[in-house]
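K.L.:
In the numbering used here, the protein residues as written are 14 to 179.
Idealized CB from N, CA, C, for every residue including glycine.
None of these values were measured; they are calculated from a predicted model.
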Amino acid sequence: MEIKVDKVKLGLDKFEMPGEIRKATSEDISRIAEIVVLAKRMFWKHIYHHDEWIFQDLQVLPLCREYEENPESLEEIYVYEEPFVKGMIRVSEGEVQEIFVDPFFQMQGIGNALLDFGKDRLEIHELWVKEKNEIAIRFFEHHGFQKTSETRLEEKTEEPMVKMVR
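1. By a C-beta neighbour count over all protein chains shown, 10 Å radius and 16 as the cutoff for buried, is D133 buried or exposed?
2. Just mark D101 as buried or exposed, buried being the case when its beta carbon has 16 or more other beta carbons within 10 Å.
3. With three or more C-beta pairs closer than 8 Å as the rule, is the region 86–100 touching the region 125–145?
4. Per DSSP, what kind of secondary structure is K145 in: helix, strand or coil?
5. The beta strand (DSSP E) that contains E111, what's its start and end?
6. Given that a residue counts as buried once 16 or more other Cβ atoms are within 10 Å of its Cβ, and exposed if not, what is M120?
7. Near V18, what residues of its chain come up, given a Cβ to Cβ distance below 8 Å and the 5 sequence neighbours on each side ignored?
8. For H155, I'd like the list of residues in its chain whose CB is within less than 6 Å of its CB, leaving aside the five on either flank, ordered along the chain.
9. Would you report the Cα separation of E40 and E47, rounded to the nearest angstrom?
10. Which residue from T161, S162, K145 and F97 puts its Cα closest to that of E171?
11. Below 8 Å on the Cβ atoms is my contact criterion, and I expect I148 with K160 to pass it. Report the Cβ-Cβ distance as a whole number of Å.
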């Protein structure tokens with residue numbers, strides 16, 4: 014299923030978001046990688062307790078190269094821009110693969126806007142989240158997702174993940 018979206022002006026119930034959500038381009042790669050790495054470091058350090066992976070292996074430049082070597086991966090990514098990229102969501106076949114907002118811009122409605130966009134335009138109906146990531150679980154529950162009894166271990170780790178559906 015291909016979604017044709019150039020830019021979407023956001024209008025939410027109680028207030029207007031000044032930014033736009035659009036499909037990611039190759040010009041966004043470095044900013045997307047920066048957001049992903051920074052957010053993972055901020056919010057996963059307490060889960061993994063593995064500083065070597067968080068601060069040595071998880072780096073912006075290798076992630077940029079990964080996106081550059083696999084440009085088709087950008088087809089699944091949408092970014093929130095105002096006036097520069099502040100958040101991203103990656104969706105594949107109705108499943109949220111990733112959603113991250115730059116920690117400097119959290120609590121401003123950007124994550125809400127990205128997830129609402131995904132639900133409305135990309136027909137999101139499920140996702141997997143780390144069981145220990147209570148903040149993310151509450152965020153998704155606030156958006157109508159419910160935990161299921163289905164679990165799995167995260168690829169390359171021993172971290173349990175739980176499936177959430179709406």
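P.N.:
Walking through what the data contain:
1. Exposed, since its Cβ has fewer than 16 Cβ neighbours within 10 Å.
2. The question names Asp, yet the displayed sequence has Met at residue 101. By the neighbour-count definition (other C-beta atoms within 10 Å, threshold 16), M101 is a buried residue.
3. Counting C-beta pairs with one atom in each stretch, the region 125–145 and the region 86–100 have three or more that are closer than 8 Å, which means they touch.
4. Look at K145 here: in three-state DSSP terms it is coil, with no helix or strand label.
5. Run containing E111: E108 to V114, per the beta strand (DSSP E) assignment.
6. So M120 counts as exposed.
7. Confidence is the limiting factor: at V18 the pLDDT is only 49, short of 50, which leaves the residue's position unreliable and the question unanswerable from this model.
8. Residues of the same chain with their beta carbon placed closer than 6 Å to that of H155 are lacking, with the five preceding and five following residues left out of the count.
9. When rounded, the distance between both Cα atoms is 13 Å.
10. Comparing alpha-carbon positions, the option among T161, S162, K145 and F97 lying closest to E171 turns out to be K145.
11. Not quite, the Cβ-Cβ distance comes to about 14 Å (not below 8 Å), so this is no contact.
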